[in-house]
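Undergrad: Just so you know, we're using my numbering here: the sequence shown kicks off at 167 and counts up by one.
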Amino acid sequence: PVVAALLLSNGAAFAFLGLRHQRAPMACIEWLRQELETQPAGFSVDFLTPCHATPFTSHLHAGLRCLDLRFLDCSPTRTPEGGLTRENSDSARMQREGMGFVEEYYQRTSARWP
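Written out as structure tokens, the structure reads:
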């Protein structure tokens, strides 16, 4: 009975986590892949998400052609104490400041408008 309960609970967890949990990033990439196939000219995406929230290029291929995909900077910086933090990264600022950060992000000289 204990082994059966463990197998059943692990099977339920596997089914939920493997098929439903955080399905949105994969659905987004699948939609982008279809979009890339129908309109490949000028295809570009800015991922304004927390660090590594989408599979990025591992699931979005274009053969030998280089895609114009960008994501927010998540690089850690050193604190005065010598530790590392991501508090000042673009990703953390976007989560804190929302639309204010997005407007500032697209005003940078290196930015492009979507």
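Even glycine gets a Cβ: it sits at the ideal position worked out from N, Cα and C.
Computed from a predicted structure; not experimentally measured.
Using a Cβ-Cβ distance under 8 Å, would residue 241 count as near chain C?
TA: No chain C is present in this structure, which holds just one protein chain.
Undergrad: Can you list, in chain order, the residues of its chain with a C-beta nearer than 7 Å to that of residue 195? Leave out the 5 residues immediately preceding and following it.
TA: 220, 221, 225, 226
Undergrad: Kindly provide the ranges of any alpha helix (DSSP H) runs that are 4 or more residues long and lie completely inside the segment 173 to 243, ordered along the chain.
TA: 190 to 204
Undergrad: By how many angstroms is the C-alpha of residue 257 removed from the C-alpha of residue 241?
TA: Taking the CA atoms as reference points, residue 241 sits about 9 Å from residue 257.
Undergrad: For the alpha helix (DSSP H) that residue 266 lies in, which residues bound it at each end?
TA: Here the alpha helix (DSSP H) through residue 266 covers 265 to 271.
Undergrad: Taking the DSSP output, what are the residues bridged to residue 251?
TA: 243
Undergrad: What is the DSSP secondary structure of residue 274, reduced to helix, strand or coil?
TA: coil
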